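Take a look at the structure below.
Residue numbers (my numbering): 155 to 393.
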């Protein structure tokens with residue numbers, strides 16, 4: 155997967171956000187045009203952030219990727235902007251094949267607690283419904299935290315109900331905002347394990363492709379997910 159970072163501007167402020175202060179340090183990627191020009195025939199391309207849909211140029215970037223021969227285009231997003239009438243159709247017309255959508259809870263209260271933005275769950279759900287109506291497939295990525303791990307099976311059910319094709323389950327890591335909020339965010343892996351196993355079973359029963367951890371390279375799931383983006387500590391280390 156060729157990942158193109160558009161920048162780290164975001165309209166959510168998640169307690170587990172791996173980019174952390176990259177939102178302020180690198181709101182837009184100055185190398186984007188160069189990276190886009192390197193797209194080659196047959197590439198699977200993922201536009202990642204931050205929140206790519208906050209950039210009005212996204213549709214144009216997607217079209218350029220397709221003109222360069224991209225076999226598929228995935229947009230990593232919280233899907234909130236897709237709640238705006240007409241925007242999902244715009245992305246579909248530009249050539250977006252799939253969305254990798256962040257969801258942090260099975261309920262409004264649980265999700266909004268993690269994003270720290272009131273109403274974000276409602277907008278994400280509305281955006282997914284518009285995406286589905288526009289013919290854009292999507293997978294759901296869940297960052298596992300101390301506050302949502304007991305509800306992973308319910309999140310799998312919600313993902314299926316909304317029309318997701320795949321489910322990506324990955325524990326929060328001690329980077330970016332999650333490092334600052336470690337005591338309230340980072341889960342105990344042993345406590346998570348039975349709920350994670352139950353969520354995987356439930357998702358597979360519902361027909362969802364399932365990926366766990368940072369590896370989204372499995373052929374069955376590659377089309378739905380963008381993979382791990384850059385974390386705040388990666389930037390500091392020059393990765």
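Don't be surprised by glycine CBs; every beta carbon is placed ideally from N, CA and C.
As the structure is a prediction and not an experimental result, all values here were calculated from the model.
C-beta contact flag for residue i and residue j at 7 Å
i: residue 321; j: residue 364; result: yes
i: residue 297; j: residue 326; result: yes
i: residue 197; j: residue 156; result: yes
i: residue 397; j: residue 303; result: No answer is possible for residue 397: the residues shown for the chain start at 155 and end at 393.
i: residue 166; j: residue 301; result: no
i: residue 161; j: residue 183; result: yes
i: residue 294; j: residue 257; result: yes
Status (buried if at least 16 other CB within 10 Å, exposed otherwise) for residue i
i: residue 341; result: buried
i: residue 392; result: For residue 392, the predicted model reports a pLDDT of 31, less than 50, meaning its position is unreliable; a value from the coordinates is still stated below. The residue is exposed, with fewer than 16 neighbouring Cβ atoms inside 10 Å.
i: residue 345; result: exposed
i: residue 371; result: Its pLDDT being 48, under 50, residue 371 is placed unreliably in this model, and the value from its coordinates should be taken loosely. Flag for residue 371 reads exposed.
i: residue 315; result: exposed
i: residue 206; result: buried
i: residue 270; result: exposed
i: residue 239; result: exposed
i: residue 313; result: buried
The alpha helix (DSSP H) enclosing residue i, as first and last residue numbers
i: residue 283; result: 274-287
i: residue 356; result: 343-359
i: residue 218; result: 212-221
i: residue 246; result: 241-248
i: residue 187; result: 186-191
N-terminal and C-terminal residue of the beta strand (DSSP E) that residue i is part of
i: residue 315; result: Careful: residue 315 lies outside any beta strand (DSSP E), inside the alpha helix (DSSP H) at 306-316.
i: residue 324; result: 320-325
i: residue 295; result: 291-298
i: residue 331; result: Careful: residue 331 lies outside any beta strand (DSSP E), inside the alpha helix (DSSP H) at 330-334.
i: residue 269; result: No beta strand (DSSP E) holds residue 269; the alpha helix (DSSP H) holding it covers 262-269.
i: residue 159; result: 156-159
i: residue 201; result: 198-202
i: residue 253; result: 252-256
i: residue 238; result: Per DSSP, residue 238 belongs to no beta strand (DSSP E) and is neither H nor E.
i: residue 363; result: 363-366
Cut-off 6 Å between Cβ atoms - residues of its own chain near residue i, not counting five sequence neighbours on either side
i: residue 311; result: none
i: residue 307; result: 352, 353, 356
i: residue 251; result: 226, 227
i: residue 332; result: 170, 326, 339
i: residue 305; result: 260
i: residue 272; result: 266
Residues of its chain near residue i, where Cβ-Cβ distance is below 7 Å and the 5 sequence neighbours each way are ignored
i: residue 386; result: Here the model assigns residue 386 a pLDDT of 47, short of 50, so the residue's position is not dependable, and the following value carries that caveat. Excluding residues within five positions, the ones whose Cβ falls inside 7 Å are 172, 173, 174, 175, 176, 329, 330.
i: residue 220; result: 227, 249
i: residue 262; result: 275, 276
Cβ-based neighbour list, residue i, same chain, cut-off 8 Å, excluding 5 preceding and 5 following
i: residue 216; result: 201, 227, 229, 245, 248, 249, 250
i: residue 292; result: 233, 252, 253, 254, 255, 282, 285, 286, 317, 318, 319, 378
i: residue 214; result: 248
Best match in the options for proximity to residue i [C-alpha to C-alpha]
i: residue 309; options: 164, 265, 166; result: 265
i: residue 279; options: 301, 235, 209; result: 235
i: residue 170; options: 337, 343, 380; result: 337
i: residue 187; options: 164, 210, 159; result: 159
i: residue 367; options: 380, 184, 324, 359; result: 324
i: residue 222; options: 199, 209, 313, 243; result: 199
i: residue 288; options: 294, 242, 258, 299; result: 242
i: residue 276; options: 237, 211, 299; result: 237
i: residue 164; options: 231, 334, 362, 262; result: 231
i: residue 191; options: 212, 168, 218; result: 218
i: residue 347; options: 362, 299, 380; result: 299
Any chain B beta carbon closer than 7 Å to residue i
i: residue 304; result: Given the protein chain composition of this structure (a single chain), no chain B is represented.
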